[in-house]
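Numbering (the numbering used here), first residue to last: 817 to 1235.
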């Protein structure tokens, strides 16, 4: 998952046909719903300027051990990719609720296809579990999340995409560093410029490694001399397991599980740090159905991704290992829940509060301003709902006789504006 993310004449004629490859099917559907999003764009600079930039990058590539032959093969004839610039600048109009994200991640189709992959590659996954100690269901869940088990690998020329990002725009530093890392991959002979394809942001292969991640964690699991995350499933899945292991994955420990909280629970404990599972049990926390909590000697944190009205989870250190792959709570939770479904688990017992949508950035800023106007200390009005803002929300909720969970959704925002 990844950190993300001028027109030549030929590109101007053909860019519409390549939108799908640049954004992927899901983002494309959103993008096409926004009128005028992909209207014709005037070039910001000439291809000659881009050529000079490519020439200026050569000394940095040479310093990384890239030969002139490899550099020329990878960069000759490149032009800026307008689709990449569009994708990099695209900002979704709405924040997707976590329940929509989870529902798509754990759809019946994704679960069915994932179970088929578990059977098809059972021998490979046996070997990967033996070497790396990472649960196969987590590895396959990441595969499903990233590319729908190889269905959508991306067909962008990675060098061209990263050169486009590095040439201009707010992703320039990222683009340059990733382009150099991609050239190192070519220099080692793991793949060719023609086979090095991926997303508009340079994410590659079945589990979408960006080049720097590839250089740090990709492995040649089948022993053919190449770390082929594009065409060799064993290499791709083993590389993912290696990434998780080096992100401190603990073998035999769950990512987490759903829990039920007792009446009059102190919701300020959510997100406040790790406690031993046995301590959570003493506070009345139970599994759905009333069964005892597992991993009683381990430390866990309480996660309320949608506030007190939504599902609750105890999450272990392995959840943070998944966050290293993609630092978004919705992503890590979806990986964990998909892995549970792949291993035969059922759906969540608690419903999501679908009537309490998440706030947009402008609304979060307004919420902070309203709290500050009431005298609550929230720090900077920046749209980031950190601990000071959550503490202020809990104080407001207490004054209003509400559940003090510190959650900022549309219902709280409406209450704050109306009082």
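Every residue, glycine too, gets a C-beta built ideally from N, C-alpha and C. Since the structure is predicted, the reported quantities are computational estimates derived from the model, not experimental observations.
Own chain residues within Cβ distance below 6 Å of residue i, not counting five before or after
i            : result
residue 1223 : 1123
residue 1071 : 1134, 1135 and 1152
residue 1099 : none
residue 1094 : 1112
residue 907  : none
residue 1021 : 1045, 1046 and 1052
residue 910  : none
residue 891  : 870
residue 1155 : 953, 954 and 957
residue 1006 : 1042 and 1043
residue 929  : 965
residue 851  : With a pLDDT of 36 at residue 851, under the threshold of 50, the modelled position of this residue cannot be trusted; read the value that follows with caution. Excluding sequence neighbours, residue 851 sits near nothing in its chain.
Sequence-distant residues of its chain with Cβ nearer than 8 Å to residue i (five each side left out)
i            : result
residue 881  : 1000 and 1003
residue 1198 : 1181 and 1184
residue 944  : 950, 952, 955, 1037, 1050, 1053, 1054 and 1057
residue 1145 : 914, 1119, 1121 and 1139
residue 1035 : 1043, 1051, 1054, 1055 and 1058
residue 1013 : 969, 970, 971, 972, 973, 974, 1020 and 1046
residue 1200 : 1180
Bridge partners - residue i, DSSP secondary structure assignment
i            : result
residue 1092 : 1115
residue 995  : For residue 995, which the question treats as bridged, DSSP gives no partner whatsoever.
residue 1128 : 1075
residue 973  : 1013
residue 1225 : 1174
When the options are compared against residue i, the one with the closest alpha-carbon
i            : options                   : result
residue 1032 : 1062, 1021 and 1167       : 1062
residue 1191 : 1207, 1200 and 1166       : 1207
residue 1046 : 1088, 985, 897 and 962    : 962
residue 973  : 903, 1010, 1092 and 1059  : 1010
residue 1096 : 1080, 1118, 1209 and 1107 : 1118
residue 1088 : 948, 1022, 1013 and 1202  : 1202
residue 1112 : 1120, 1091, 1121 and 1104 : 1091
residue 1160 : 863, 927 and 1073         : 927
residue 1170 : 1144, 1127 and 1155       : 1127
residue 1129 : 934, 1137 and 1164        : 1164
residue 1226 : 1125, 1214 and 1154       : 1125
residue 977  : 948, 904 and 1029         : 904
residue 1077 : 1175, 947, 1232 and 1166  : 1166
residue 872  : 925, 922, 979 and 967     : 979
residue 960  : 941, 925 and 895          : 925
residue 897  : 889, 1217, 984 and 938    : 984
residue 1084 : 1219, 1074 and 1025       : 1219
residue 1079 : 1068, 1060, 1073 and 1101 : 1101
residue 1017 : 902, 935 and 1143         : 902
residue 1048 : 885, 1023 and 1142        : 1023
residue 1008 : 885, 922 and 1232         : 885
residue 1147 : 1174, 866, 1026 and 917   : 917
residue 1168 : 1060, 864, 1074 and 997   : 1074
residue 1082 : 1214, 1205, 1030 and 1116 : 1214
residue 865  : 1108, 879, 895 and 883    : 895
residue 1086 : 1067, 1150 and 1131       : 1131
Three-way DSSP call (helix, strand, coil) for residue i in this model
i            : result
residue 1025 : strand
residue 1121 : coil
residue 875  : helix
residue 912  : coil
residue 1059 : helix
residue 1179 : helix
residue 906  : coil
residue 1045 : coil
residue 944  : helix
residue 1102 : strand
residue 1152 : helix
residue 1174 : strand
residue 982  : helix
residue 1020 : strand
residue 930  : helix
residue 936  : helix
residue 866  : helix
residue 880  : coil
residue 962  : helix
residue 1216 : coil
residue 950  : coil
residue 967  : coil
residue 1234 : helix
residue 1002 : helix
residue 900  : helix
residue 1038 : coil
residue 1192 : coil
7 Å CB neighbourhood of residue i in its chain, flanking five on each side removed
i            : result
residue 887  : 874, 877 and 999
residue 982  : 988, 991, 992 and 995
residue 1179 : 1229
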